[in-house]
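Just so you know, the sequences run in chain order A and B.
Quick note on numbering: the working numbering labels position 66 of the first sequence as 71, and the sequence is numbered without any gaps.
Quick note on numbering: the working numbering labels position 121 of the second sequence as 379, and the sequence is numbered without any gaps.
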Amino acid sequence: MTNNVIKREEFGDVAVLHIATTSVDAISAAAIEASCTAMRSITVLDFADVAFINSGGISALLKFVVTARKSGYKLFAMNVSPHHQKIFKIVEMSRFMPTIEERDLAAYR
Amino acid sequence: MERVLVNIPSNPVFERVVRASADEIGHAIGLRPERIEDLKLAVSEAVNNAIEHGNRRQTTKLVEVVFALDPEKLEVRIRDEGEGVERTDFSRRVVEEHNLESGMHRGFGMYLISALVDDCEVSSSNQGTIMILRLYRKETNDD
Chain A
6 MTNNVIKREE
16 FGDVAVLHIA
26 TTSVDAISAA
36 AIEASCTAMR
46 SITVLDFADV
56 AFINSGGISA
66 LLKFVVTARK
76 SGYKLFAMNV
86 SPHHQKIFKI
96 VEMSRFMPTI
106 EERDLAAYR
Chain B
259 MERVLVNIPS
269 NPVFERVVRA
279 SADEIGHAIG
289 LRPERIEDLK
299 LAVSEAVNNA
309 IEHGNRRQTT
319 KLVEVVFALD
329 PEKLEVRIRD
339 EGEGVERTDF
349 SRRVVEEHNL
359 ESGMHRGFGM
369 YLISALVDDC
379 EVSSSNQGTI
389 MILRLYRKET
399 NDD
């Protein structure tokens, strides 16, 4: 499932879920979580358009972590700003959703 | 001292109004961009806490946010109209495997606040809870 908040791109085993909202917070959380069903064996969350993430948003992102672990999927984050990398490090989210560079996806396209 | 007052009903959508105010004030007083992001996130967490746990989303109850500026610091006071809390837990809270498995995906807000501001304090009574966040304008080399 995708919606106005998540734009999905798929190639091979890879699903890239582009987060199309600037705020990953309690307001956008439900729409973001709903896109867990759009995951594939390699799933990349693209934060290029994201300007703000709070704990409500982190809770939504953790649903992807849980789904990935249950399904044996690999989950990555892409285009994460330095500030959000800091936040992910503070709550140790980065252990469960490492960042990758966009160029690393080229091999799958 | 200069003060900016923002009152919002206890609807999470209006947290974004307070966050936008924090952004403007951070720029106005010349905080570094990284510090502005820290301020916005800390204020967001405190306001959401006041909406959810203080006022329990009763939209007739207000969350009052006062930004107080002096040459030394920016102080943000967030007050709800709830029944008060026994204690506020700022202890370290991170994503852990056993929490993922048990579905515990919340509770990072207070720890984030403590990690992002220079100091914070909470006082609570049956008249409501007040959280005060402070960011000092003279930054140390550690920032």
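In this text, a Cβ means the ideal position worked out from N, Cα and C, and glycines have one as well.
Please read these numbers as outputs of a predicted model, since none were measured by experiment.
B/Ala-280 beta carbon less than 9 Å from that of B/Ile-294: Counting from one through the second sequence, the residue named residue 294 of chain B turns up at place 36. Counting from one through the second sequence, the residue named residue 280 of chain B turns up at place 22. For B/Ile-294 and B/Ala-280, yes; Cβs fall inside 9 Å.
Go through its chain and collect everything with a Cβ distance to B/Tyr-369's Cβ below 8 Å, but skip five positions before and after it. Position 111 of the second sequence, counted from the start, is the residue given in the question as residue 369 of chain B. Closer than 8 Å at Cβ, skipping near neighbours: Phe-348, Ser-349, Arg-350, Arg-351 and Val-352.
List, in order along the chain, the chain C residues whose C-beta lies closer than 7 Å to that of B/Pro-270? Any reference to chain C falls outside this structure, whose protein chains are A and B.
Are there three or more Cβ pairs, one per stretch, closer than 8 Å when the stretch 267-278 of chain B is compared with the stretch 85-96 of chain A? The stretch 267-278 of chain B is not in contact with the stretch 85-96 of chain A.
Mind checking B/Ser-381: buried by the 16 CB within 10 Å criterion, or exposed? In the second sequence, the residue the question calls residue 381 of chain B occupies position 123. It is exposed - the Cβ of B/Ser-381 has fewer than 16 other Cβ atoms within 10 Å.
Distance check for A/Arg-114 and A/Ser-60, CA to CA, integer angstroms please. As a position in the first sequence, residue 60 of chain A is number 55, starting the count at 1. As a position in the first sequence, residue 114 of chain A is number 109, starting the count at 1. In this structure, the alpha-carbon of A/Ser-60 lies about 33 Å from that of A/Arg-114.
Under the rule that 16 or more other beta-carbon atoms within 10 Å means buried, what is B/Asn-399, buried or exposed? Sequence index remark: in the second sequence, residue 399 of chain B carries index 141 (1-based). Unreliable placement is indicated for B/Asn-399, whose pLDDT of 49 sits below 50; the coordinate value is still reported in the next sentence. Residue environment: B/Asn-399 is assigned as exposed (fewer than 16 neighbouring CB atoms within 10 Å of its CB, all protein chains considered).
Within the 9 Å Cβ cut-off, does B/Val-352 reach chain A? Numbered from 1 along the second sequence, position 94 holds the residue referred to as residue 352 of chain B. For B/Val-352, the nearest CB of chain A lies under 9 Å from its own CB, placing it at the interface with that chain.
To the nearest angstrom, report how far apart A/Leu-80 and A/Phe-52 are at their CA atoms. Reading the first sequence from its first residue, position 75 is the one you call residue 80 of chain A. Reading the first sequence from its first residue, position 47 is the one you call residue 52 of chain A. A/Leu-80 and A/Phe-52: Cα-Cα distance of roughly 13 Å.
Looking at chain B, is there any beta carbon in it that lies within less than 9 Å of the beta carbon of A/Leu-156? Limits of chain A in this structure are 6 at one end and 114 at the other, which puts residue 156 of chain A out of reach.
Residue-chain proximity (A/Gly-61, chain B), Cβ-Cβ < 9 Å: Counting from one through the first sequence, the residue named residue 61 of chain A turns up at place 56. In terms of beta-carbon proximity, A/Gly-61 lines the interface with chain B, with at least one pair separated by less than 9 Å.
Can you say whether B/His-356 is buried or exposed, counting buried as having 16 or more other CB atoms within 10 angstroms of its CB? In the second sequence, counting from the first residue as 1, residue 356 of chain B sits at position 98. Exposed, because fewer than 16 other Cβ atoms sit within 10 Å of the Cβ of B/His-356.
If we define contact as Cβ-Cβ less than 9 Å, is B/Asn-399 a contact residue for chain A? Counted from its first residue, the second sequence places residue 399 of chain B at position 141. Note that B/Asn-399 scores 49 on pLDDT, short of 50, meaning its location in the model is unreliable; the coordinates nonetheless yield the value given after this. Interface criterion not met: the Cβ of B/Asn-399 is under 9 Å from no Cβ in chain A.
Name the DSSP bridge partner or partners of B/Phe-325? For this step, residue 325 of chain B is matched to residue 67 along the second sequence. In DSSP, B/Phe-325 forms a bridge with B/Val-262 and B/Val-334.
Residue closest to A/Glu-31, alpha-carbon to alpha-carbon, out of B/Ile-287, B/Arg-364, B/Glu-260 and B/Pro-291: The residue you call residue 31 of chain A lines up with position 26 of the first sequence. Residue 31 of chain A is actually Ala in this sequence, not Glu. Here the closest residue by C-alpha is B/Arg-364.
Where does B/Phe-366 sit, in a helix, a strand or coil, going by DSSP? As a first step, residue 366 of chain B is located in the second sequence; it is residue number 108 there, counting from the start. Of the three classes helix, strand and coil, the one that applies to B/Phe-366 here is coil, per DSSP.
Roughly how many angstroms lie between the CA atoms of B/Asn-313 and A/Ala-112, to the nearest whole one? Here residue 313 of chain B refers to the residue found at position 55 when the second sequence is read from its first residue. Here residue 112 of chain A refers to the residue found at position 107 when the first sequence is read from its first residue. Distance between the alpha carbons of B/Asn-313 and A/Ala-112: 51 Å.
Following the continuous beta strand (DSSP E) through A/Thr-48, name the residue where it begins and the one where it ends. Position 43 of the first sequence, counting from 1, holds the residue named residue 48 of chain A. Residues 47-51.
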